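Undergrad: Mapping of the sequence shown onto UniProt numbering: residues 1 to 153, in sequence order. Sharing a structure below in structure tokens format, with a few things to ask.
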Amino acid sequence: MTTPKKELAVAALQNGTVIDRIPSSALFKAVRILGIEKLDKHVTIGNNLESKKLGTKGIIKVADTFFPEDVLNRIALIAPTAKINIIRDFDVVEKFPVVLPQTIIGIVKCDNPKCITNNEPMKTRFELIDPKERVIRCHYCGHSVNAKEAQIK
Ligand SMILES: [Zn+2]
């Protein structure tokens, strides 16, 4: 018997987290934001998979790892369509979308070269000022940017 290619691309996970529906262009940024390259767990990353909604999508599967919700929500910056699936014993026990946090600390680089965060060793801090348009504003200099154009540190 042959296994269809689609199933191979999304091999089953016994326990862990699946981050699905990541726009293909944002996949590697999502990997970086979640700190996945530092994990010593099994990680499966698929990209340019077919998606009815997005055209193509990326997916990240991390075995035996359950991220805090505020960490997962960081990827809402660049992948607002992402869906989280929590897997226990091969079953999806929880499924939820990511939500852009009200305050984003230490992830986004401020575009303003004169901003204190670009000149002092300190964490950046952005506030979500327009959830509909997804505009975030630097707490220190007031510079605002659309989340999808935000520079990720
Ligand atoms: Zn700033």
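Heads up, the beta-carbon is just placed ideally off N, CA and C, and yes, glycines get one too. Source: prediction; values computed, not measured.
(1) Can you look up Glu127 in the DSSP assignment and give me helix, strand or coil?
(2) Can you find the residues in the same chain that come closer than 6 Å, C-beta to C-beta, to Lys109, ignoring five residues on each side of it along the sequence?
(3) So Ile116 is in the alpha helix (DSSP H); what residue range does that whole segment cover?
(4) Specify, as a first and last residue, the run of the beta strand (DSSP E) that Asp91 falls within.
(5) Nearest-angstrom Cα distance between Thr56 and Ile116?
(6) Would you mind listing the beta strand (DSSP E) stretches within the segment 49-107 that are 3+ residues and don't spill past its ends, in chain order?
(7) Look at the Cβ atom of Asn112, then the Cβ atom of His143, and state whether they are nearer than 7 Å.
(8) Hey, is Asp112 close to ligand 1, as in C-beta under 6 Å from one of its heavy atoms?
(9) What first and last residue would you give for the beta strand (DSSP E) that runs through Ile136?
(10) Counting Cβ pairs closer than 8 Å, one from the segment 35-49 and one from the segment 84-98, do we hit at least three?
(11) According to DSSP, what are the bridge partners of Val145?
(12) Suppose the cutoff is 8 Å on Cβ atoms and the five residues either side in sequence are ignored; what does the same chain contact list for Lys41 look like?
(13) Would you tell me roughly how many angstroms separate the C-alpha atoms of residue 159 and Gln14, rounded to the nearest one?
(14) Name, in chain order, the residues that DSSP records as bridge partners for Lys109.
(15) If you follow the beta strand (DSSP E) that residue 155 is part of, which residue opens it and which one closes it?
(16) Could you pull out every residue in the same chain whose Cβ sits closer than 6 Å to the Cβ of Ala30, ignoring the five residues on either side in sequence?
TA: According to the structure data:
(1) Three-state result, Glu127: strand.
(2) Counting only Cβ-Cβ distances below 6 Å, and skipping sequence neighbours, we find Gln151, Lys153.
(3) Careful: Ile116 lies outside any alpha helix (DSSP H) and carries neither H nor E.
(4) 91-97
(5) In a straight line, the C-alpha of Thr56 is about 39 Å away from that of Ile116.
(6) 55-63, 83-88, 91-97, 103-105
(7) yes
(8) For the record, residue 112 in the displayed sequence is Asn; it is not Asp. Under cutoff, so the answer is yes.
(9) 135-138
(10) no
(11) Ile136
(12) Gly16, Val62, Ala63, Asp64, Thr65
(13) Because the chain in this structure spans residues 1 to 153, residue 159 falls outside the shown range and cannot be described.
(14) Paired residues: Gln151.
(15) Because the chain in this structure spans residues 1 to 153, residue 155 falls outside the shown range and cannot be described.
(16) So the qualifying residues of the chain are Ile22, Ile75, Ala79.
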